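Single-structure report; data block below.
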RNA sequence: GUGCGAGUAGUUCAGUUGGUUAGAAUAUCAGAUUGUGGUCCUGAGGGUCGUGGGUUCAAAUCCCAUCUCGCACC
């Protein structure tokens, strides 16, 4: 993987760059649609390419390991062959799933024992095993196995958890370096910063992560319930320490406003379930604000879904029709909303990049933030 | 025509020996959703208890009449 930093704003920390992988280029800042089980829910690959202009999508180690299982992925020739997405992919390590499993799992020095949400079967993830799994899945970017702390989290627990995450990181890096991709192309490992909401822990974590000298770095453990201002401060703190010649990935974030604020603080990559999950629950993000398409107010509104939208669905379908589809629980509603939201997110990133390169990102961002939060 | 049964929220139904402001599910309306289960979650509105009388301090509940629907029998 290569990362070329093209431009850094003078009035804030926003950057524009290009990541190059064996499956193609990624222009940053970028939003990565989440496709947990190897599929961006409700979205066809043709739409991902032509409507949404997705450049990279996510898969999840935990889910893909449980189903369909590694044998199938290996026989297919890797995840991209399996799901017919021949562009870059990233796999999350399962650290966050482990966190969200709650009392169905137990964390030890060795790793994490958990029970499958599908059939209750017992499994263990260790840093070594997760690396092996991600090698078999074959994504271009793979994530280290970490422990994501909840919010709120006591200082002592956060400190101990971070120390464990660091030891796990050592083991991840070691195993990663001892192995290679099963399919002939290059993979790269991103370590993950933790440290909860404590500045000193975050600082230590960033320094440790940076010392691994990986090709890119991630910030985890945020957007788990802490106030947004706190999230912004911690993001900035991390970005200021993480090496500037490498991409920075803020995991699991967020709203369109979160993305712009993240970019302004030096983040290059984002992923979030919000555009797809909230889309399936009828929430549409637009450049003028947020719409709940189930609301009765759209019942007789025959204007296009989003007059400023870049996707075909924005113009060929009306608000009244989309509401009808949602109220009727028609599958097409989920598809339209997902395509719209993802195309909006990707277009927002494209515009952000354009403004960074033009040198007026900060001004543009402030205008957009004002509009994006409105309820329509 | 006679007998029996059923009428309670938009819908399907609870409702104790008569006892606070008649409940649930679902639907509707709205909220929530941040390294994904379309699940889950939160809140709100919604009732002439078929109708009219009567008994009682008090009736969805007991009595009478009546209307509607279903079933059975002439």
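Residue numbers (my numbering): 1128 to 1503.
Every residue, glycine too, gets a C-beta built ideally from N, C-alpha and C.
Only a predicted model underlies this, so the values are computations on that prediction, with no experimental measurement involved.
| Query | Result |
| --- | --- |
| Using a Cβ-Cβ cutoff of less than 6 Å, which residues in the same chain neighbour residue 1462 once the five nearest sequence positions on both sides are dropped? | 1169 |
| Could you pull the start and end residues of the beta strand (DSSP E) that residue 1250 belongs to? | 1249-1252 |
| Take residue 1221 as the anchor and find which of 1195, 1364, 1213, 1188 has the nearest alpha-carbon. | 1188 |
| In whole angstroms, give me the CA-to-CA distance for residue 1092 and residue 1315. | Residue 1092 cannot be examined here, being either before or after the span of the chain that is shown, 1128 to 1503. |
| How would you call residue 1210, buried or exposed, if buried means at least 16 neighbouring beta carbons within 10 angstroms? | buried |
| Within a Cβ cutoff of 8 Å, which residues of the same chain sit near residue 1293, ignoring the five residues on either side of it in sequence? | 1332, 1335 |
| Keeping to the same chain, check which residues put their C-beta closer than 7 Å to that of residue 1506; ignore five residues upstream and five downstream. | The requested residue 1506 does not occur in the structure, where the chain is confined to residues 1128 to 1503. |
| Near residue 1175, which residues of its chain fall below 8 Å by C-beta distance, leaving aside the five closest residues on each side in sequence? | 1160, 1167, 1181, 1184, 1212, 1469 |
| If you check the beta carbons only, do residue 1299 and residue 1345 fall under 7 Å apart? | no |
| Are the beta-carbon atoms belonging to residue 1343 and residue 1366 less than 7 Å from one another? | no |
| For residue 1150, which option in 1467, 1240, 1313, 1243 has the closest C-alpha, if you only look at C-alpha atoms? | 1313 |
| Mind checking whether residue 1339 and residue 1266 have CB atoms under 7 Å apart? | no |
| Whole angstroms is fine: what's the gap from residue 1411's alpha carbon to residue 1440's? | 12 Å |
| Leaving out the 5 sequence neighbours to the left and right, which residues in its chain are closer than 7 Å to residue 1425 when beta-carbon positions are compared? | 1446, 1447, 1450 |
| Would you tell me roughly how many angstroms separate the C-alpha atoms of residue 1401 and residue 1274, rounded to the nearest one? | 22 Å |
| On the premise that residue 1136 lies in contact with residue 1483, defined as a C-beta separation below 8 Å, what is that separation, rounded to the nearest angstrom? | 6 Å |
| Let me check one thing: in DSSP terms, what residues is residue 1423 bridge-paired to? | DSSP output for residue 1423 lists no bridge partner at all. |
| Is the region 1349-1360 touching the region 1276-1291 in the sense that three or more CB pairs, one from each, lie closer than 8 Å? | yes |
| Please list, in chain order, all residues of the same chain as residue 1370 whose beta carbon is under 6 Å from its beta carbon, the five residues on each side excluded. | 1337 |
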